[in-house]
Amino acid sequence: MELEDMRREREGLHDGRDIKQMTSTRIYLYLLSQAAFPTGGLYFQNATWVEETKGKHVIVHNNYIIGYDNKMKRFHDFGLWLVDDHAFESPLGKLE
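What follows is the structure in structure tokens.
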């Protein structure tokens, strides 16, 4: 591993160019791109990073916050909740 790769690994800087493949007997493990799959701590607390990586986000993890209601509010506040008001309904009636 080159010195620059080691620095990026240590600092948690990953992008599509530096996905590492680790193998075991029959398991292949890949690190996900941090730009595509950011943690809640990165996405919700670093507006500069969000703007710099705009258009690359696939899934935003809603961690680094406790409580269902808090998570839902944060997704709504950031415009990331894309499920309509009928999400908890079924042909059998309202799900609770």
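If you read the sequence shown in this note's numbering, its first letter stands for residue 971, the second for the next number, and so on. Built from N, CA and C at the ideal position, the CB exists for glycine as well.
Problem set entry | Pairwise C-alpha distance: residue 1021 and residue 1045 | 17 angstroms
For this session: Provide the residue span of the beta strand (DSSP E) that contains residue 1012, from first to last.
Result: No beta strand (DSSP E) contains residue 1012, which is instead part of the alpha helix (DSSP H) from 1010-1013.
Exercise. Considering only residues of the same chain and omitting the five flanking positions on each side of residue 1036, which have a CB-CB separation below 8 angstroms?
Worked result: none
Exercise. Residue 1013: buried (16+ other C-beta within 10 angstroms of its C-beta) or exposed?
Worked result: Residue 1013 is buried by the Cβ-count criterion.
Exercise. Closest by CA to residue 1002, which one among 1051, 1034 and 1030?
Worked result: 1030
For this session: Determine the DSSP secondary structure at residue 1038, reduced to helix, strand or coil.
Result: helix
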